[in-house]
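Colleague: To start, I am sharing the structure in question, which I have written as structure tokens.
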Amino acid sequence: MRLPVFLSRILNLKALPWVVLGSGLLTTALWCSSQLKTNQLEHERLELALGREITQAITTRLQTNSAILDSVVGLFNASSEVSRKEFSIFYQTLSSGGTTLKGIQGLGYAAVVPNNNRSAFEKTIRADGLPDFAIKPPGVRALTTAIIYLEPNDWRNQRALGFDMYSQVTRREAMQLAASNGEPALSGPVRLLQETALRPQVGALLYQAIYREPNTGFTSPQDRLRRLLGWAYSPLRMDDLIQGALATVSHPALQGSGVLIYDTNRKNPDNLLFDNLDLANSDRLSHPTWRDVTIANRTWQIGIQLDSRFIGAGGWTQSLALQAFLGVSLSFLAGLISQGLLNNHLVLRQSLARELEASKERALAGTVFDSSPIGIVVTDASGMILQVNAAFSQLSGYSELEARGQKTNLLRSGRHENSFYEQMWCAIIQKGYWNGEIWNRHRNGQVMRHELAITAVLDQQQQITNFVGLLRDVSERYSQQEQMRYLATHDPLTGLANRALLIEELNLSLALAKRQGHGVGLLFLDLDAFKPVNDRYGHGTGDVLLQAVGHRLKGCVRESDTVCRQGGDEFVLLIPDAPSLEQLQLIASKLNQALQQPFDDQPELPEGILISASIGVARWPDHANDADGLLEAADTAMYRAKQMEEPRIATAPAPISS
């Protein structure tokens, strides 16, 4: 009866390498599946965040154009008549402002021909200094307009003088809309008259109507059309306009990502305004995220497709692919090592069980024991060490002489509870085998992580006579895994939590708050005047300043609060057990006051650097129902704070109930 039991134990041990291999492959598959889901969500979040920043940049650029047109309207409203010279001086004054007209292709005025009398109008303009002026295209129309002023007065813009934009349907629709409601109106895609065959771009025009008697209220859209003098307008080259806007976007995901912009309907290829990577109508456009934005009474569809090298749509990254490869490789390696361990175990057990074995077999077993790269320790049935090999001495720091006669607990690190060792020895006694990872203490006091396998050696009566332990150092692999987990949840520059950890902590805080009935606060901080520091002193100084800001914010909050670096010069403070909204505002004031103090404790920073922050305050459940809504509410409040005087602190508006 004893022989079948012995054979059964051997067969179970022979299955161990396959169990180790299968476990490793299954763990790798589960890990990759989890990371894929996480990365897919991160991919979507990055595309949405990048889309928001790009939309904001383009909107800001067009709002600047609209503001310039408003100034032209103000010029005409302030004068009974604006001459060509006055218009040119006005443009030169704007140009002298440095960045006032940055990104604007031109500034013009298209007049309505009075009484549709083309001949008289042409004579008037010719007498004003344009002897070759003529309205084009020829033909009689119900309403005739003509471009009479267009700055800068270069050869490109001179080609457009006299053109009746109202005669072309796309331009006319925008002009009619601007004239009927008095608001800026953006046209659909057109080919600008200023374009040449050298580098043609899709164009659009932004219009603002100018009226007679501007200080008298309008009674109807028809009244607006009756008092219409003309339009202030600006021709826009889409590539130049949008590339200029993208240059202001600091989001790291923009690098290598595709940006497509369509006018009104992306299903019509003629509506394409911008495509930085020529993705339209190609199989490379596979996973864009689209958002609609209304600009100057016109809806654009903006599509963002992240660079697959950043995070693929399926969730794959170069890092995850490498982890999957390493996981599979380590699984096979573990299987091979387990096979090697098993072989060593079988050799050792047979050597110890057959004390009267021939000397040749004993010599072979001794060679395997001494030369094995895996640490081996042999004990008696009570756990007293009988013999160790050189690899064990190297792993533990104890020579064979020092280890012999000692209990194996001389390696105990103190990191495991007594129950851990009780379960381990229970498994060895019942199954004859135990395998796992354990913390051991080196002779020099250093705690190391070992992979340990212990096998019980039985005599002919199936009684335990010895234990054989095999150790392998896996401390470096464990440290790498810990480092990978830390980098996945922390900002590498400041050491603060990153957005992924913030979202995780925010969701946990909201779940706890819903059960316990308290609030959750979120403060969104954006540093003011940070860009001038970067521009003047360089990014190295900017990085030191960001680290100092993070340290100062960390020192102003509780241990239970979470300070996150959102990216760039944006920080977010999560207060999981938030007090009242008034107290959150006091906390925001405290943070702003702390940031405004000189950084005298930072010798790496030049003297005189001062900084402050615009802070948006939001609180659950006052301003949002979930994590995304709370982040968006705090972000929106921060942008409101940007527009305020000191202190720049704004509270999110209450959500509109449905």
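In my numbering, the protein residues as written are 1403 to 2060.
Quick reminder that beta carbons are idealized off the backbone N, C-alpha and C, glycines included.
Measure the CB-CB distance between residue 1544 and residue 1512 and report whether it falls below 8 Å.
Modeller: Cβ distance not < 8 Å, so residue 1544 and residue 1512 don't count as in contact.
Colleague: Going by the DSSP bridge assignment, what does residue 1966 pair with across the sheet?
Modeller: Beta-bridge pairing links residue 1966 to 1899 and 1974.
Colleague: Under 6 Å Cβ to Cβ from residue 1956, same chain only, skipping five residues before and after it: list those, please.
Modeller: Excluding positions up to five away in sequence, the list reads 1965.
Colleague: Could you check what DSSP says for residue 1952 in three-state terms: helix, strand or coil?
Modeller: Helix at residue 1952.
Colleague: In its own chain, which residues sit with a C-beta less than 8 Å from the C-beta of residue 1907, not counting the 5 before and 5 after it?
Modeller: Answer for residue 1907: 1899, 1964, 1976 and 1978, listed in chain order.
Colleague: Measure the C-alpha to C-alpha separation of residue 1741 and residue 1839 and round it to an integer number of angstroms.
Modeller: Answer to the nearest angstrom: the Cα atoms are 17 Å apart.
Colleague: Look at the alpha carbon of residue 1881 and the alpha carbon of residue 1725, and state the distance between them as a whole number of angstroms.
Modeller: One C-alpha to the other measures close to 15 Å.
Colleague: If I measure Cβ to Cβ from residue 1569 and keep anything under 7 Å in the same chain, skipping five residues before and after, which residues do I get?
Modeller: Closer than 7 Å at Cβ, skipping near neighbours: 1539 and 1543.
Colleague: Taking all protein chains shown into account, do 16 or more other C-beta atoms lie within 10 angstroms of the C-beta of residue 1895, making it buried, or fewer, making it exposed?
Modeller: Exposed, since its Cβ has fewer than 16 Cβ neighbours within 10 Å.
Colleague: Take residue 1855 and list the residues in its own chain whose beta-carbon comes closer than 6 Å to its own, dropping the five residues that flank it on each side.
Modeller: 1743, 1837 and 1872, listed in sequence order.
Colleague: By the 10 Å Cβ neighbour count, where 16 or more other Cβ atoms means buried, how is residue 1925 classified, buried or exposed?
Modeller: Label assigned to residue 1925: buried.
Colleague: Can you have a look at residue 2063 and say buried or exposed, based on whether 16 or more other CB atoms are within 10 angstroms of its CB?
Modeller: Beyond the ends of the chain as shown, which are 1403 and 2060, falls residue 2063; an answer cannot be given.
Colleague: To which residues does DSSP link residue 1853 through a beta bridge?
Modeller: Its beta-bridge partners are 1839 and 1874.
Colleague: Considering only their Cβ atoms, is the gap separating residue 1610 from residue 1634 smaller than 8 Å?
Modeller: Going by C-beta atoms, residue 1634 is nearer than 8 Å to residue 1610.
Colleague: Go through its chain and collect everything with a Cβ distance to residue 1747's Cβ below 6 Å, but skip five positions before and after it.
Modeller: Around residue 1747: 1857.
Colleague: Taking contact to mean 3 or more Cβ pairs, one atom from each stretch, closer than 8 Å, check whether the segment 1977 to 1997 and the segment 1941 to 1949 are in contact.
Modeller: The segment 1977 to 1997 vs the segment 1941 to 1949: no contact.
Colleague: Run the CB neighbour count on residue 1586, radius 10 Å, all protein chains shown included, and call it buried at 16 or more, exposed below.
Modeller: So residue 1586 ends up on the buried side.
Colleague: Quick one: what's got a C-beta closer than 8 Å to residue 1575's C-beta in the same chain, skipping five residues either side?
Modeller: Excluding residues within five positions, the ones whose Cβ falls inside 8 Å are 1589 and 1590.
Colleague: What are the partner residues of residue 1980, as DSSP defines its beta bridges?
Modeller: According to DSSP, which records beta bridges pairwise, residue 1980 is partnered with 1921.
Colleague: Which word fits residue 1655, buried or exposed, when buried means at least 16 other C-beta atoms lie within 10 angstroms of its C-beta?
Modeller: Counting Cβ neighbours within 10 Å, residue 1655 comes out buried, since at least 16 surround it.
Colleague: Quick one: any contact between the segment 1670 to 1683 and the segment 1468 to 1485, if contact means 3 or more CB pairs under 8 Å?
Modeller: The segment 1670 to 1683 is not in contact with the segment 1468 to 1485.
Colleague: For residue 1699 and residue 1435, I'd like the C-alpha separation in whole angstroms.
Modeller: So the two alpha carbons sit approximately 45 Å from each other.
Colleague: Would you list the residues sitting across from residue 1814 in a DSSP beta bridge?
Modeller: Residue 1814 is bridged to 1842.
Colleague: Out of curiosity, what's the CA-to-CA distance linking residue 1785 and residue 1731?
Modeller: In a straight line, the C-alpha of residue 1785 is about 35 Å away from that of residue 1731.
Colleague: Assuming residue 1564 contacts residue 1535 under a Cβ cut-off of 8 Å, what Cβ separation, rounded to an integer in Å, is found between them?
Modeller: That belief holds up - the Cβ atoms of residue 1564 and residue 1535 are roughly 6 Å apart, short of 8 Å.
Colleague: Return the bridge partner residues of residue 1926 from the DSSP annotation.
Modeller: In DSSP, residue 1926 forms a bridge with 1974 and 2018.
Colleague: Count the other CB atoms within 10 Å of the CB of residue 1928; is the residue buried (16 or more) or exposed (fewer)?
Modeller: By the 10 Å Cβ count, residue 1928 comes out buried.
Colleague: Rounded to the nearest angstrom, what separates residue 1796 and residue 1869 at their Cα positions?
Modeller: In a straight line, the C-alpha of residue 1796 is about 20 Å away from that of residue 1869.
Colleague: Okay, do the segment 1929 to 1936 and the segment 2018 to 2030 touch, 3+ Cβ pairs below 8 Å being the bar?
Modeller: Too few Cβ pairs lie closer than 8 Å, so no.
Colleague: Could you give the uninterrupted runs of the beta strand (DSSP E) lying entirely in the segment 1580 to 1623, keeping only those of 3 residues or more?
Modeller: The segment 1580 to 1623 contains these whole beta strand (DSSP E) runs: 1605 to 1613.
Colleague: So the candidates are 2023, 1520 and 1457; which of them puts its Cα closest to the Cα of residue 1646?
Modeller: Of the listed residues, the one whose Cα sits closest to residue 1646 is 1457.
Colleague: Could you pull out every residue in the same chain whose Cβ sits closer than 6 Å to the Cβ of residue 1814, ignoring the five residues on either side in sequence?
Modeller: So the list is empty, once near-sequence residues are dropped.
Colleague: Going by DSSP in three states, residue 2009 sits in which element: helix, strand or coil?
Modeller: Coil, per DSSP.
Colleague: Which of the three DSSP states, helix, strand or coil, is assigned to residue 1509?
Modeller: Of the three classes helix, strand and coil, the one that applies to residue 1509 here is strand, per DSSP.
Colleague: What does the alpha-carbon distance come out to for the pair residue 1551 and residue 2009?
Modeller: Residue 1551 and residue 2009: Cα-Cα distance of roughly 50 Å.
Colleague: Under the three-state reduction of DSSP, which class applies to residue 1553: helix, strand or coil?
Modeller: Strand, per DSSP.
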